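Everything on this sheet refers to the single structure shown next.
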Ligand code: NOJ
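Residue numbers (my numbering): 44 to 487.
In C-alpha cells:
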C-alpha cells in the first residue's frame, strides 16, 4: 500500500495546534490563554509542565515546515492562537501576532505546502474565560469577531479551513470534568458551553463562506466507535447514550438535525432549558468536509453509580486489548466502522481524517528512534481507511497527528505523538523511523 492507492488528489498532511507547538506564550504581544493559566494550577498538568516554550515553533517555523516537506506531506494544519491576534479576545489587535501567521503561511506557500488553518484549537484567551468563556452568551460575538478578522486577513492566501477542533473534547474535559482548561466542572457548565460552541461552529463556517473566495471549509469532530460490553439491554442503552454524547452531539446540529435528544431524557431536558430548537437553524452549516479524528473505540458498560450518563468505560488494558502508551485501544477495524458511521448521514458530502496517530514510548538509541509500533499503527489504520474509500466512501484527505512531539495538554511533554522526536531541552528534532516510513509511503 502506497499513497498513490488513494488517488492523486488525496490530501496528505500533518496536524498541529498553536498551544502545543508555538511557545513564546508570554511574548511578542500575545495575551495569556486559558492553557497558560491552567498550567500554573498545581497538579493539573503532569510533572508541572506548561506550554510557555513548547517546541519553540514560533522561532523555528521555517525549519519545521521544511520537515513537513522532507517527510513528503503536502498539507500543514496549524491553528491560530486567538490571544496572539486579540490579546484580550476582542478589540485591540496585536500586529506582531497577525504578522507571525502571515509568515507561517508565506513559508508554507514558498515551500509548496498547502496551509490549513484551524480557527479554534482550545486556547481561549484568558480574558474571555474571566467573563465565563464558552459558558457565556457573549462568547459568540467575540468568536465571530475573531473568525471574521482571520478570514479577511488570511483568506486570500489560505483556502482550507477548520472552524473548531473537537468540540466535545474541550467542552467535556474543560467544562464538565475539569481536567482540561479552564478546569470547570458540572453538567450545567457543559451544556452552556456546548450550545455556544455548536453555534460558533456554524457561525464560523458562514463567516468563512462569506469572506473567503473558493474556501474549502470543514470542522473537526472527535469520534469513537462505541461498543456495548455485553449484549444486555442495559449495556446497549448505556452505549447509545455515550454514542449520542461523543459522536452525535455536535455533528447532528451542524447537519440541521438539532441535538440528539430523542432517546435520552437528560438531553431532552437540556434542549428544553436551553431552547435549543430556537437555534436549530443557526447551528446548521453545510460544511464542505466533515473532519473526523479517531484514536480508539470505547467499550461501555452500564453503571448506575456514574451520574447522568450511567455508563462506564471498560479499559483496553482490562480487556487485554492492544493499546498505546496512552491506554487507548489500537483497533483499525473500529476506525473503518466509525468512518462509515459518519459517512452514513446523507448530508455529509465528504470526510477528511483530520487527525489520527499514536503515543508510544520512544527511545532514542544511537541517535535513532525505532518506533516500529507506530509504523504498524499507521499501516493498519491507513489500510482500514483505504478499505472504506474503496467501498465508495468519499474520503478526501488524511492528516497524521502529529508532526513532532509536543505539549500534550494535561499529559505535558511526556506523551509523544510525533513523527519527529523533539528534545525539549535543546529543541533538536530527530526524524523517527515512522517519519521515514511516511516518507517512503508518500513517495509512491
Ligand atoms: C486531539 C486533539 O485535537 C489534539 O490536540 C491532541 O493532542 C490529540 N487528540 C492527541 O490526544
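Glycine included, every Cβ here is placed at the ideal spot set by N, Cα and C.
Just so you know, these numbers come straight off a predicted model, no measurement behind them.
Here residue 59 carries a coil assignment [DSSP, helix/strand/coil].
Setting aside the 5 residues that flank it on each side, residue 45 is surrounded in the same chain by 484, 487, each with a C-beta closer than 7 angstroms to its C-beta; the list follows chain order. The Cβ atoms of residue 154 and residue 206 lie no closer than 7 angstroms to each other.
Taken from the Cβ of residue 374, every heavy atom of the ligand NOJ lies 6 angstroms or farther away.
The Cβ atoms of residue 211 and residue 289 sit closer than 7 angstroms to each other.
By the Cβ neighbour-count rule, residue 335 is buried, with 16 or more other Cβ atoms within 10 Å of its own. By the 16-neighbour rule on beta-carbons within 10 angstroms, residue 433 is exposed. Taken in chain order, the whole alpha helix (DSSP H) runs of length 4 or more contained in the stretch 350 to 435 are 375 to 386, 415 to 433.
Between the alpha carbons of residue 279 and residue 345 lies a gap of roughly 8 angstroms. DSSP places residue 98 outside both helix and strand once states are collapsed to three, so it counts as coil. Taking the Cα positions, residue 460 is about 21 angstroms away from residue 79.
Its Cα nearest to that of residue 87, the residue 451 stands out among 479, 475, 462, 451. The beta carbon of residue 194 is closer than 6 angstroms to those of 250, 251, 254, 255 in its chain, skipping five residues each way along the sequence.
Taken through DSSP and simplified to helix, strand or coil, residue 228 comes out as strand. With contacts defined by Cβ atoms closer than 7 angstroms, residue 83 and residue 127 do not form a contacting pair. Spanning the alpha carbons of residue 390 and residue 304 requires a straight line of approximately 19 angstroms.
Excluding its 5 nearest sequence neighbours in each direction, residue 423 has C-beta neighbours in its own chain below 6 angstroms: 375, listed in chain order.
The residue among 264, 180, 177, 190 with its C-alpha nearest the C-alpha of residue 125 is 190. Unbroken beta strand (DSSP E) runs of no fewer than 3 residues, entirely contained in the stretch 461 to 485, are found at 463 to 466, 471 to 474, following chain order.
With 16 or more neighbouring CB atoms inside 10 Å of its own CB, residue 176 falls in the buried class. Here residue 222 carries a coil assignment [DSSP, helix/strand/coil]. A Cβ-Cβ distance of about 6 angstroms is found for the pair residue 403 and residue 367, placing them in contact under the 8 angstroms criterion. Here the distance from the Cβ of residue 60 to the nearest heavy atom of the ligand NOJ is below 6 angstroms.
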